[in-house]
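> In order, the protein sequences belong to chains A and B.
Per the working numbering, residue 4 is the first one in the first sequence, and the count goes up by one each step.
Per the working numbering, residue 4 is the first one in the second sequence, and the count goes up by one each step.
There are 2 protein chains.
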Amino acid sequence: MKNKQVLLAARPTGAVEESHFRIVESEIPKAGEGEFVVRAHYLSLDPYMRGRMDEAKSYAANAELGAVMVGTVVGEVIESHHEKFKAGDFVETRTGWQEYGVSNGSGVRKLDTTLVPLSAYLGAVGMPGVTAWIGLNEHGKPKAGETVVVSAASGAVGSAVGQLAKLQGCRAVGIAGGRAKCDYVVNELGFDACIDYKAGNLDAALAASCPKGIDVYFDNVGGAILNSVLNHMNAFSRIALCGLISGYNDPDALTVRNFRSFLVNRIQLRGFICSDHMDLWRPAMKELGEMVHTGKLKYRESIAIGLDNAPAAFIGLLNGKNFGKQLVKLI
Amino acid sequence: MKNKQVLLAARPTGAVEESHFRIVESEIPKAGEGEFVVRAHYLSLDPYMRGRMDEAKSYAANAELGAVMVGTVVGEVIESHHEKFKAGDFVETRTGWQEYGVSNGSGVRKLDTTLVPLSAYLGAVGMPGVTAWIGLNEHGKPKAGETVVVSAASGAVGSAVGQLAKLQGCRAVGIAGGRAKCDYVVNELGFDACIDYKAGNLDAALAASCPKGIDVYFDNVGGAILNSVLNHMNAFSRIALCGLISGYNDPDALTVRNFRSFLVNRIQLRGFICSDHMDLWRPAMKELGEMVHTGKLKYRESIAIGLDNAPAAFIGLLNGKNFGKQLVKLI
């Protein structure tokens, strides 16, 4: 029995390739005093990880070259010398892209899997769901009857944004890549409309889908889509800026050309990350967990099998090839 | 006795030229029932007027081709059939670029000139001062010890922003064009530093003047200066977006290249105009008037003499040739 790990082998200068990662095997770690060992069941793959591969300053520390790639897993405690965690506990922990990891309990969350499936704690009831909840409620502040637009609408964050907006009485309009994702967003998730940005003529599509303009834009992508959305924002509208996936490989793609709209329409823009609001995680997870349990919040997962497939799955995620929350199943 | 007027003769496609205006004389108007006639003493010239000359949608209606240019004056009521305004009252009114205008009292403010000079109601105690007050207090929300940067720092709005920030215990750093303006901003207005953007190397100058980074940016100009400022914004910093004068003639100049900073630093940006907050005008004007009266708020005026010189003065304003609040003296 070995511990398979994915290391950051090189920092990408543009698109991420499998050669930027190196897969190795090491001994399964032992827990020291005050520590415990987690066997990961699922690794979460998220767009933010692209930023960790860079050297540029971001909101969190970079992944170190030659070290295990940073990331969050859900799994089971298999050995413990920690008073608050015991073998058999299910937990969420940031032990990274590896099958086994040691923790001292810092930042680890115990998970109740009686009502919510374990993997959902990496998606609808985890960081992506909480991100949707915080961005929409704290920064978007939609009112019933308003129009909420979200990009990457079939993804883990976007799908929750639109469903939460619908429950608040808003018109929810998604933007996603391809007919299949758009059909899912409307037919399965219950959005009012979803625009296929790959079909071209985004401006006309936004005008048609948002006849009263846009009051809240929850942005996961930036770039060309943001530039089009800015043409349709209403006076006193809000933009919750959650991600800029369109520019992770090419910062020039993020250029904003219609900045005048921010002044003319008195737009409020707020960049945010979910860890800025740790006080809101508990109420958000409680609400999201109940919604998942009662079927009010639906989600979809793309599951790659085994750590060997994690780099390819991550590259696919950056190129929009996933459909729903991207996970790697490790057990 | 005639009423000299400046009409909008043509809409500019790029830079404003004198040929876009036409100066005419008409009869001095008469007040009908419920109306009064104002003889303007000072006409205010403001950057926002550039937007009114365009056909493009903005936050207020355009000036009409062939009509008197829109604008605010302060002056004296010389004839009245209105129960609330009588001859001899000093008022602020939006009768535009002309010597005499008729009003029905809508939106007209009576002015007390016993403690504050009449012209100040177009500057430090008028729209520019109130704009500074609202943008800084409502959207910038500076805390003592924070660094506040303002562009167009020697202008009517910018000069008030920095002085208000200093009174709140902040470090105030201006950006202005040329050594004379910068000296004035530091030596007369009491800012901690002022950067001459025409001297080049704005990034290095910002780093030197803002050793703890920037917490609040009050932006009057957009464009290249905003792009540099974005490199120095702190986590959880705020941008009060008040004007985009660098792009009024060339929207491409407003392109934002470092949009990623909004996410990485979780910046809050808010576009605003002072008329969105009419409830705040009274407290703002009261505080600003007391500050002018007691010498805590200093200001400077650039005064053109006579309406014939208004177009040239306005063009100079758009090119940063004014030094302080630009007025046209009409009497």
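The beta carbon of each residue, even a glycine, is placed where N, CA and C say it ideally should be.
Hey, quick one: how far does the alpha helix (DSSP H) through B:Leu-118 stretch, first residue to last?
Position 115 of the second sequence, counted from the start, is the residue given in the question as residue 118 of chain B. Note, B:Leu-118: premise wrong, no alpha helix (DSSP H); not H, not E.
> Under 8 Å, with one C-beta from each stretch per pair, do the segment 215-227 of chain A and the segment 19-35 of chain B reach the 3-pair mark?
At 8 Å Cβ cutoff, the stretches do not touch.
> Within the 8 Å Cβ cut-off, does B:Leu-209 reach chain A?
Looking up residue 209 of chain B in the second sequence gives position 206. So no, B:Leu-209 is outside the interface.
> Looking at chain A, which residues of the segment 250-282 of chain B have a Cβ within less than 9 Å of any of its Cβ atoms?
If the cut-off is 9 Å between Cβ atoms, the segment 250-282 of chain B has Gly-250, Pro-254, Asp-255, Leu-257, Thr-258, Val-259, Arg-260, Asn-261, Phe-262, Arg-263, Ser-264, Phe-265, Leu-266, Val-267, Asn-268, Arg-269, Ile-270, Gln-271, Leu-272, Arg-273, Gly-274, Phe-275, Ile-276 and Asp-279 near chain A.
> Taking only beta carbons into account, state which residues of the segment 222-236 of chain B come closer than 7 Å to chain A, listed in chain order.
Listed by position along the chain: Gly-225.
> Give a yes or no on whether the C-beta atoms belonging to B:Leu-233 and B:Asp-222 are separated by under 8 Å.
For the purposes of this step, residue 233 of chain B is taken as the residue at position 230 of the second sequence. For the purposes of this step, residue 222 of chain B is taken as the residue at position 219 of the second sequence. No, these two residues do not count as a Cβ contact at 8 Å.
> Hey, quick one: how far does the beta strand (DSSP E) through B:Met-236 stretch, first residue to last?
As a working note, residue 236 of chain B is residue 233 in the second sequence. Here the beta strand (DSSP E) through B:Met-236 covers 236-244.
> Count the other CB atoms within 10 Å of the CB of A:Pro-314; is the residue buried (16 or more) or exposed (fewer)?
In the first sequence, the residue the question calls residue 314 of chain A occupies position 311. Per the 10 Å Cβ criterion, buried.
> What does A:Leu-244 touch in chain B if you count any residue whose Cβ is under 7 Å from its own?
Within the first sequence, numbered from 1, the residue matching residue 244 of chain A stands at position 241. Those within 7 Å of A:Leu-244 in chain B are Phe-265 and Leu-266.
> So which residues on chain B does A:Leu-247 lean against when the C-beta distance must stay under 8 Å?
Locating residue 247 of chain A in the first sequence gives position 244, counting from the first residue. Phe-262, Arg-263 and Leu-266, listed in chain order.
> With H, G and I counted as helix, E and B as strand and the rest as coil, what does DSSP make of A:Leu-68?
The residue given as residue 68 of chain A occupies position 65 in the first sequence. Reduced to three states, the DSSP call for A:Leu-68 is coil.
> Just to confirm, are B:Gly-138 and B:Ala-287 a CB contact at a threshold of 8 Å?
Your numbering for residue 138 of chain B matches position 135 in the second sequence. Your numbering for residue 287 of chain B matches position 284 in the second sequence. No. Outside cutoff.
> Count the C-beta pairs between the segment 267-285 of chain A and the segment 262-272 of chain B that are closer than 8 Å, then say yes if the count reaches three, no if not.
Judged by Cβ distances under 8 Å, the segment 267-285 of chain A makes contact with the segment 262-272 of chain B, as three or more pairs qualify.
> With distances taken from CA atoms, which of A:Glu-102, A:Ala-12, A:Lys-87 and A:Ser-83 is nearest A:Gly-309?
Counted from its first residue, the first sequence places residue 309 of chain A at position 306. Selected option, being the one with the closest Cα: A:Glu-102.
> Return the chain-ordered list of same chain residues with a C-beta closer than 6 Å to the C-beta of B:Glu-21, the five sequence neighbours on each side being excluded.
For the purposes of this step, residue 21 of chain B is taken as the residue at position 18 of the second sequence. Same-chain partners within the cutoff: Pro-314.
> In chain order, what are the residue ranges of uninterrupted beta strand (DSSP E) at least 3 long that sit wholly in the segment 146-224 of chain A?
The segment 146-224 of chain A contains these whole beta strand (DSSP E) runs: 150-154, 174-179, 196-199 and 217-222.
> In the DSSP output, which residue or residues are listed as bridge partners for B:Lys-332?
Here residue 332 of chain B is taken as the residue at index 329 of the second sequence, counted from 1. DSSP, once it has assigned bridges, lists B:Tyr-45 and B:Ile-308 as partnering B:Lys-332.
> In the DSSP assignment, find the unbroken alpha helix (DSSP H) run with B:Glu-290 in it and report its ends.
For the purposes of this step, residue 290 of chain B is taken as the residue at position 287 of the second sequence. Segment 284-296, the alpha helix (DSSP H) holding B:Glu-290.
> If you check the beta carbons only, do B:Ala-90 and B:Glu-82 fall under 8 Å apart?
Taking the first residue of the second sequence as 1, we reach residue 90 of chain B at position 87. Taking the first residue of the second sequence as 1, we reach residue 82 of chain B at position 79. In contact: B:Ala-90 and B:Glu-82 (Cβ atoms closer than 8 Å).
> Answer yes or no: the CB of B:Val-152 versus the heavy atoms of the ligand FAD, is any distance below 7 Å?
Ligands in the displayed structure: none, and consequently the ligand FAD is not present.
> Could you pull the DSSP bridge partners for B:Gly-274 from this structure?
For the purposes of this step, residue 274 of chain B is taken as the residue at position 271 of the second sequence. DSSP, once it has assigned bridges, lists B:Leu-244 as partnering B:Gly-274.
> Check whether the segment 112-131 of chain B touches the segment 292-311 of chain B, taking contact to mean three or more Cβ pairs, one atom from each stretch, closer than 8 Å.
The answer is yes - the segment 292-311 of chain B touches the segment 112-131 of chain B, with three or more Cβ pairs under 8 Å.
> I think A:Val-119 touches A:Thr-96, with their Cβ atoms under 8 Å apart; what is that distance to the nearest whole Å?
For the purposes of this step, residue 119 of chain A is taken as the residue at position 116 of the first sequence. For the purposes of this step, residue 96 of chain A is taken as the residue at position 93 of the first sequence. Actually they do not touch by this definition, with Cβ atoms about 17 Å apart.
> Which residues mark the beginning and the end of the beta strand (DSSP E) in which B:Ser-83 is found?
Residue numbering aside, residue 83 of chain B sits at position 80 when the second sequence is read from its first letter. That run of the beta strand (DSSP E) goes 76-83.
> For B:Ala-179 versus B:Cys-173, is the C-beta spacing smaller than 8 Å?
Numbered from 1 along the second sequence, position 176 holds the residue referred to as residue 179 of chain B. Numbered from 1 along the second sequence, position 170 holds the residue referred to as residue 173 of chain B. Contact flag unset, no.
> What are the boundary residues of the beta strand (DSSP E) that A:Leu-11 is part of?
Along the first sequence, read from residue 1 onward, the residue named residue 11 of chain A stands at position 8. Per DSSP, A:Leu-11 belongs to the beta strand (DSSP E) from 6-11.
> Take the Cβ of B:Leu-68 as the centre, count every other Cβ of all protein chains shown within 10 Å, and call the residue buried at 16 or more, exposed below.
Looking up residue 68 of chain B in the second sequence gives position 65. Exposed.
> Counting only beta-carbon separations shorter than 8 Å, does B:Glu-79 have a partner in chain D?
In the structure shown, chain D cannot be found, because the protein chains are A and B.
> When the Cα of A:Pro-15 is compared with those of A:Val-164, A:Asp-253 and A:Leu-333, which residue comes out closest?
Start at 1 with the first residue of the first sequence, and residue 15 of chain A comes out as number 12. Checking every option, the nearest Cα to that of A:Pro-15 belongs to A:Asp-253.
> From which residue to which residue does the beta strand (DSSP E) around A:Arg-25 run?
As a working mapping, residue 25 of chain A is identified with position 22 in the first sequence. 24-29 is the span of the beta strand (DSSP E), which, as asked, contains A:Arg-25.
> Using 8 Å as the Cβ pair cut-off and three pairs as the minimum, do the segment 198-206 of chain B and the segment 250-264 of chain B touch?
Result no; under three Cβ-Cβ pairs closer than 8 Å.
> Could you pull out every residue in the same chain whose Cβ sits closer than 8 Å to the Cβ of B:Val-133, ignoring the five residues on either side in sequence?
Working through the second sequence from its first residue, we reach residue 133 of chain B at position 130. Cys-277, Leu-283, Trp-284, Ala-287, Met-288 and Leu-291, listed in sequence order.
> Give me whichever residues DSSP pairs with A:Ser-264 in a beta bridge.
Counting from 1 along the first sequence, the entry for residue 264 of chain A is found at position 261. DSSP, once it has assigned bridges, lists no residue as partnering A:Ser-264.
> Check for me: the alpha helix (DSSP H) holding B:Val-133 runs from which residue to which?
As a working mapping, residue 133 of chain B is identified with position 130 in the second sequence. From DSSP, the alpha helix (DSSP H) with B:Val-133 extends over 130-137.
> If you run the structure through DSSP and keep just helix, strand and coil, what is A:Ser-109?
Position 106 of the first sequence, counted from the first residue, corresponds to residue 109 of chain A. Correct three-state label for A:Ser-109: coil.
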